[in-house]
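The number in my numbering is simply the position in the sequence shown, starting from 1, with 11 added.
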Amino acid sequence: MKTSTSKGKHGMQWTAIIKVVQVLINNCLGKLLSIRCPDIISNSLLWEKTNPLLSEEETRKGRWK
12 MKTSTSKGKH
22 GMQWTAIIKV
32 VQVLINNCLG
42 KLLSIRCPDI
52 ISNSLLWEKT
62 NPLLSEEETR
72 KGRWK
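See the structure below:
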């Protein structure tokens, strides 16, 4: 998905789409970790716990093992 750097109408549309996708991802991660509604966890902590993205360095190491 391409993000627009313009501040016009299309840039706002992309921003809204990205926010919706981020909410969906966070909800799915919460379900996978069995976090219930009463359990409050910040999105950053959720991403920290799951560590879904590898750094470029780790990706390169993994490719050549």
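We put the beta carbon where it would ideally sit given N, CA and C, even for glycine.
Are the CB atoms of residue i and residue j nearer to each other than 8 Å?
i          : j          : result
residue 37 : residue 62 : no
Suppose you measure from the CA of residue i to the CA of residue j; what does that come to, to the nearest Å?
i          : j          : result
residue 23 : residue 43 : 30 Å
residue 25 : residue 35 : 15 Å
residue 51 : residue 45 : 12 Å
Please look up how many angstroms separate the CB atoms of residue i and residue j, rounded, as I've assumed it's under 8 Å.
i          : j          : result
residue 56 : residue 41 : That belief does not hold up - the Cβ atoms of residue 56 and residue 41 are roughly 11 Å apart, past 8 Å.
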